[in-house]
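Visitor: Sharing a structure here in structure tokens format.
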Amino acid sequence: MAPYHAGSKKRRREPFNVDTKLVEIYEDLANEKDEIRLKAAQALVSHFTPDKNPTDEQIKKALQRLFRGLCSSRKAARIGFSIALTEILTQVFAGSREASELTIPAIMDVWESQSNSSGSESGQEQRDHHFGRLFGAEAIIKSSILFKSKVPPAEWTRLVDLVFDLAKKKPWIREECGWIIYRCIFDLAAQKAEVKYVEVALERLCSHELARTPEGVSIWLAVKEAFPKSNFPSKVWKHDDPLDVKDRNQLAKVMKESSAADSAEGASGSNPKASGVWSSKLHFAWDAVIRQLAGVSAKESSKSKSSSSRLSFADFWSEVVDNGLFAASSSEERKYWGFLVFIKVLGESPLPLASVVFTKNLVRCLTNQLAVEDRYLHRMATKAVKSIQVRVTKEPEFAAASVNGLMGAAGSVNFDQATKTKTIEKIVVEANSDALKQIVPLFEKLIAKPGTDDEKAAAACRQSLAGLLLSIVRSRASASGEAQDDLQATLEQVLLTLVRFGYFKAQDDSSIQPAVSEQTQELFRNRISSCLNTLIVNHKYATTLPYTVVRKIRDAAKSEEYGKFIIDMDEKLRDSVKTAFKSLKKLSSMEKKDGVSGVEAFKLLYSMTLLQVYNGDADAVSMLDELDFCYTKFLGDKKSKDDEASEASDALVEILLSFASKQSQLFRRISEQVFGAFADKVTEDGLESLVSILEAKESLAGQQEMFEQQDDEEGDEEMMDVDEDDSDVEVIDAEGSGEESQDDDEDEEGDSAESESEAGNDEDLLAFEAKLAEALGTHRADQDLNEESESDADMNDDEMEQVDEQLVKVFRARRDALGQKKDKKDAKENMVNFKNRVLDLLEIYVKKCHSKMLALDLLIPLLRLTRKSTVKQLSNKANAVLREYTKLCKGSALPPVASAEPVWELLKSIHSEATHSGPPAHASACSQASLLVVKVLVAHDKAAISDVVDVYAATRKQQLLSKKCHVQPQFFSDWSNWCVSASKQMKNN
1 MAPYHAGSKK
11 RRREPFNVDT
21 KLVEIYEDLA
31 NEKDEIRLKA
41 AQALVSHFTP
51 DKNPTDEQIK
61 KALQRLFRGL
71 CSSRKAARIG
81 FSIALTEILT
91 QVFAGSREAS
101 ELTIPAIMDV
111 WESQSNSSGS
121 ESGQEQRDHH
131 FGRLFGAEAI
141 IKSSILFKSK
151 VPPAEWTRLV
161 DLVFDLAKKK
171 PWIREECGWI
181 IYRCIFDLAA
191 QKAEVKYVEV
201 ALERLCSHEL
211 ARTPEGVSIW
221 LAVKEAFPKS
231 NFPSKVWKHD
241 DPLDVKDRNQ
251 LAKVMKESSA
261 ADSAEGASGS
271 NPKASGVWSS
281 KLHFAWDAVI
291 RQLAGVSAKE
301 SSKSKSSSSR
311 LSFADFWSEV
321 VDNGLFAASS
331 SEERKYWGFL
341 VFIKVLGESP
351 LPLASVVFTK
361 NLVRCLTNQL
371 AVEDRYLHRM
381 ATKAVKSIQV
391 RVTKEPEFAA
401 ASVNGLMGAA
411 GSVNFDQATK
421 TKTIEKIVVE
431 ANSDALKQIV
441 PLFEKLIAKP
451 GTDDEKAAAA
461 CRQSLAGLLL
471 SIVRSRASAS
481 GEAQDDLQAT
491 LEQVLLTLVR
501 FGYFKAQDDS
511 SIQPAVSEQT
521 QELFRNRISS
531 CLNTLIVNHK
541 YATTLPYTVV
551 RKIRDAAKSE
561 EYGKFIIDMD
571 EKLRDSVKTA
581 FKSLKKLSSM
591 EKKDGVSGVE
601 AFKLLYSMTL
611 LQVYNGDADA
621 VSMLDELDFC
631 YTKFLGDKKS
641 KDDEASEASD
651 ALVEILLSFA
661 SKQSQLFRRI
671 SEQVFGAFAD
681 KVTEDGLESL
691 VSILEAKESL
701 AGQQEMFEQQ
711 DDEEGDEEMM
721 DVDEDDSDVE
731 VIDAEGSGEE
741 SQDDDEDEEG
751 DSAESESEAG
761 NDEDLLAFEA
771 KLAEALGTHR
781 ADQDLNEESE
791 SDADMNDDEM
801 EQVDEQLVKV
811 FRARRDALGQ
821 KKDKKDAKEN
831 MVNFKNRVLD
841 LLEIYVKKCH
851 SKMLALDLLI
861 PLLRLTRKST
871 VKQLSNKANA
881 VLREYTKLCK
891 GSALPPVASA
901 EPVWELLKSI
911 HSEATHSGPP
921 AHASACSQAS
931 LLVVKVLVAH
941 DKAAISDVVD
951 VYAATRKQQL
961 LSKKCHVQPQ
971 FFSDWSNWCV
981 SASKQMKNN
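Numbered by full-length UniProt numbering, the letters in the sequence shown go through residues 1 to 989 in order.
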């Protein structure tokens, strides 16, 4: 140890100048915000511009710092440092640096040394160094410093070797290594670089035994696309093309990263180690392969096809994807990749390629995964289905390929039912006319042969297909922007498909297997009605498509092209049908002329009545004869007498009422459309026919009176199990619309009625038990016998037979009692439905004919229905019709009066009606009706105001003196308000 000298001093540390600004720049290069990183990179690069004339030492230190920064574990460091490194390398070596000692090989040494892992670091530090080397290689490639003419070629080989060595030693980073070289190929092509660089890359790829990997396939295909004249290593791929048809098995193994892939490179015959890490992202190699097969480069694609037997996309998909990723033995992870490829093709590839991806294994896997929510790939399958729907929305013609793929040979007819989705339904709704021209014939083929011999399964498939055809009609009926001729042709095709299976039995069993059941045929007929219900809203379709349907039924019945017609028509029926078609033919010719009123309505009515005949409705036959009479009087015979025209009008009203009485939206709309065309021709008797229905009781007795004991024969058609959305049958709630009761009295009445009903049920049950006990000679457990019973004694055979007879009588009586209750309930629902339809017709009448005197006859019936109806919905609807009527009758729209006496009687009847107790709506309606009649009288004769005052005075007097008079205050307050306004108007005039 050296002796201490008192005079000695410590050596002073030399001052070290820290550039704090530069420190901040390097710090900002690792910032997570893009704008801060870019600003820092720009600031750093500005230090090395030619005008700053940086020294070699400054450049070397900066590059060392940047290469070292690439090995940082900070999230954004590699991105920021990589950008700065690329720009500095590009800028520094952009000009001539002959006097500089800082060469490209020296830069490569810095990169290699800074990113080298000695092996003594922790696992995370080693990973950081590997990524640093990768990002450094990417920066060097992007700067293009290795591709300058004076740079030794060995440096490019050195970089490629280091990248491929990293890819081989560390399989988890192999994809990123391959991506860098893959993109470099296209960058070299853009720079028009020499082909030697890509040949070196291919040679080193094979030397590292990476040619038969997804990355190797991508790089190989990139060279074939960008540098087709390159010299490719031999004995790697047939015809030097990974997509050659002879190498499809090898390609399939490579693309699914199979460890069983054979290797032909190298004498050792060893294979590259599998990546070992599964990624949820799709390998970029799929992009490269699909681009080639899709013909991104048309020129190169054509050359490849002419020079080799390259795989078609369909063959590639079948071999590599369907039999590879979606094979039954494939893991869930590979099937996951398969769905990713499927979604990619659907989203990016042209229609011809996207149309062939619905292959057998894929569709089976898609169906199975969709069916159960807790399956591993259910979410991926759901995404796949959504991608189909998105593609169809953007490109409606793709619907045909989708439906064929999911329901055709590779799919299942009941795909929606099996997957518990509405995939097919959503697709067909988006399909355009071109796609539907393929979809509808497919559905027709599937209806004929659903692919199962089980009758129940076949019926379910046919029901599903019928529902899809209905969905097509509903979506196309409201479509816009399509050619109307194509659209109508599509709709006709759907309807005629339903006609074929709804009205005919195939004579050749081989054409339809299994045979269509009667229940399914009824379903098809109901679907026709539902389709027409949607279509007749459009006046163009209302005049053409129903006629097309009945004409096709007639023609097919004659030619037997679809088989035997289900209806056996006698001579009389055939004559009626023949006459009806003659009238339809005349109507079609008249339809082309302008100004012919009611032609379209009659054409619709004829067509729908004929359809009812073909549906086996016995009443429709007589309706045809009545319709022919109406047609002759209205349109055929221009010289018909007034009384005959009136008779025809009355007959037409009866026909429309028969349509309105059916629980079907279709017949409701028909009755409304036709009634609207002929409302102005309705006579007093015709209006009375409508009014009489409103006055009928909402009960079994009312139904029997209205339908003349034929209630059991009408409207009882039952449809097979179908969704309510697919049916045009309307269901009316006979107990009201579910609104709150109007006042406390109504609530009490409802509770009382319910209590009485329950009490009645209890009494019925007690009576039944009493009769049962009497027949058996027993008693209830809670009752004591007053007399001694011999019930314990044994009974002989005769006594047992008597007991049996008594039991039969008791149970028959019980059954009859329950049946009567159901009949009463059904009768009420039928009457409520019928009255609703009549009110719809009357609403049309008041809108078109409110200025006619005849319309005043509706006031009293509407007021009575408002007051008497036990169904609140009917009461409110009647009040709404009356309110609409009074609103329309203003000024010149008031009906002209020929004789005032009936109008005075009407006014007194309204006041008499107002004295009855009823709901609040009734009081308001009476006031409106009274004021309407007052306006009519005053408009006819201003002096009538004096007598009107007397009528109101008499009603006021009755209110004061009679306990039975329940006129509401509103009745007189409305009258007073009218008097004020009328007085001012009279004074002004």
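A virtual CB, placed ideally from N, CA and C, is assigned to each residue, including glycine.
When the Cα of residue 152 is compared with those of 197, 128, 110, which residue comes out closest?
Guide: The candidate whose alpha carbon is nearest that of residue 152 is 197.
Visitor: Would you mind stating whether residue 660 and residue 838 have Cβ atoms separated by less than 8 Å?
Guide: Yes. Within cutoff.
Visitor: Kindly list the residues whose CB is nearer than 7 Å to the CB of residue 398, restricted to its own chain and excluding five residues on each side of it in sequence; keep chain order.
Guide: Contacts found: 351, 354, 391, 392.
Visitor: Measure from the alpha carbon of residue 563 to the alpha carbon of each residue in 571, 499, 616, then state which is nearest.
Guide: Among 571, 499, 616, the Cα nearest to that of residue 563 belongs to 499.
Visitor: Can you pull the DSSP bridge partners for residue 1003?
Guide: The structure shown has nothing for residue 1003, since the chain only spans 1 to 989.
Visitor: Where does residue 310 sit, in a helix, a strand or coil, going by DSSP?
Guide: Of the three classes helix, strand and coil, the one that applies to residue 310 here is strand, per DSSP.
Visitor: Return the CA-CA distance between residue 590 and residue 541, expressed in angstroms with no decimal places.
Guide: Taking the straight line joining both Cα atoms gives about 17 Å.
Visitor: Beta-carbon within less than 8 Å of residue 185's beta-carbon, same chain only, minus the 5 sequence neighbours each way: which residues are those?
Guide: Result list for residue 185: 198, 201, 219, 222, 223, 226, 227, in chain order.
Visitor: If you follow the alpha helix (DSSP H) that residue 450 is in, where does it begin and where does it stop?
Guide: Note, residue 450: premise wrong, no alpha helix (DSSP H); not H, not E.
Visitor: By a C-beta neighbour count over all protein chains shown, 10 Å radius and 16 as the cutoff for buried, is residue 49 buried or exposed?
Guide: Exposed, since its Cβ has fewer than 16 Cβ neighbours within 10 Å.
Visitor: Give the straight-line distance between the Cα atoms of residue 665 and residue 396, rounded to the nearest whole angstrom.
Guide: About 31 Å.
Visitor: Go to residue 623, then tell me how far its alpha helix (DSSP H) extends in each direction, as first and last residue.
Guide: Segment 618–631, the alpha helix (DSSP H) holding residue 623.
Visitor: Taking the alpha carbon of residue 468 as the point to measure from, which residue in 451, 407, 508 has its own alpha carbon closest?
Guide: Cα-wise, what sits closest to residue 468 is 407.
Visitor: DSSP puts residue 244 in a beta bridge; with which residues?
Guide: The partner list for residue 244 (beta bridge, DSSP) reads 310.
Visitor: With distances taken from CA atoms, which of 904, 140, 445, 313 is nearest residue 92?
Guide: Of the candidates 904, 140, 445, 313, the one whose C-alpha sits nearest the C-alpha of residue 92 is 140.
Visitor: Mapping the DSSP letters down to three states, classify residue 375 as helix, strand or coil.
Guide: Residue 375 falls in the coil class under three-state DSSP.
Visitor: How close, in whole Å, do the beta carbons of residue 285 and residue 214 come, if the pair is a contact with beta carbons under 8 Å?
Guide: Confirmed, Cβ separation roughly 4 Å.
Visitor: Decide if the region 909–922 is in contact with the region 857–864; the criterion is three or more beta carbon pairs, one per stretch, under 8 Å apart.
Guide: Contact between the region 909–922 and the region 857–864 is present, because at least three Cβ pairs lie under 8 Å.
Visitor: Please specify which runs of the beta strand (DSSP E), each continuous and at least 3 residues long, are wholly inside the region 172–203, giving them in chain order.
Guide: Those beta strand (DSSP E) runs which fall completely within the region 172–203 and span 3+ residues do not exist here.
Visitor: Rounded to whole angstroms, what's the CA-CA distance from residue 106 to residue 142? Just pull it up for me.
Guide: Computed Cα separation, rounded: 18 Å.
Visitor: Find out if the Cβ-Cβ distance for the pair residue 630, residue 652 is shorter than 8 Å.
Guide: Yes, they are a contact pair.
Visitor: Would you mind stating whether residue 881 and residue 936 have Cβ atoms separated by less than 8 Å?
Guide: Not in contact: residue 881 and residue 936 (Cβ atoms no closer than 8 Å).
Visitor: Considering only their Cβ atoms, is the gap separating residue 618 from residue 520 smaller than 8 Å?
Guide: It is not a contact, given that the beta carbons lie outside the stated cut-off.
Visitor: What are the boundary residues of the alpha helix (DSSP H) that includes residue 278?
Guide: It is not in any alpha helix (DSSP H) - residue 278 carries neither H nor E in the DSSP assignment.
Visitor: Cβ of residue 543 within 8 Å of Cβ of residue 491?
Guide: For residue 543 and residue 491, no; Cβs fall outside 8 Å.
Visitor: Give the secondary structure of residue 662 by DSSP, where H, G and I count as helix, E and B as strand, and everything else as coil.
Guide: Correct three-state label for residue 662: coil.
Visitor: Determine the extent of the alpha helix (DSSP H) in which residue 145 is found, giving its start and end residues.
Guide: Taken as a continuous stretch (DSSP letters only), residue 145 belongs to no alpha helix (DSSP H), as it is neither H nor E.
Visitor: Is residue 962 helix, strand or coil when you go by DSSP?
Guide: If DSSP states are grouped into helix, strand and coil, residue 962 belongs with coil.
Visitor: Alpha carbons only, please: which of 445, 30, 88 is nearest the one belonging to residue 56?
Guide: The residue with the shortest Cα to Cα distance from residue 56 is 88.
Visitor: Who are the near neighbours of residue 627 in its chain, counting only those whose CB is closer than 7 Å to its CB and skipping five residues on each side?
Guide: If we look at residue 627 and ignore the five residues flanking it on each side, its Cβ neighbours are 605, 606, 609, 655.
Visitor: For my contact list, residue 850 and residue 889 are in at a C-beta cut-off of 8 Å; report their separation, rounded to the angstrom.
Guide: Confirmed, about 5 Å.
Visitor: So residue 933 packs on residue 906, CB below 8 Å; how close in whole Å?
Guide: Right, their Cβ atoms sit about 6 Å apart.
Visitor: With 16 other CB atoms within 10 Å as the buried threshold, where does residue 347 fall?
Guide: Flag for residue 347 reads exposed.
Visitor: From this set, 145, 146, 111, which residue's C-alpha is nearest residue 129's C-alpha?
Guide: Comparing Cα-Cα distances from residue 129 to each of 145, 146, 111, the minimum goes to 111.
Visitor: Nearest to residue 929 by CA position, among 964, 957, 878, 963, is which residue?
Guide: Here the closest residue by C-alpha is 878.
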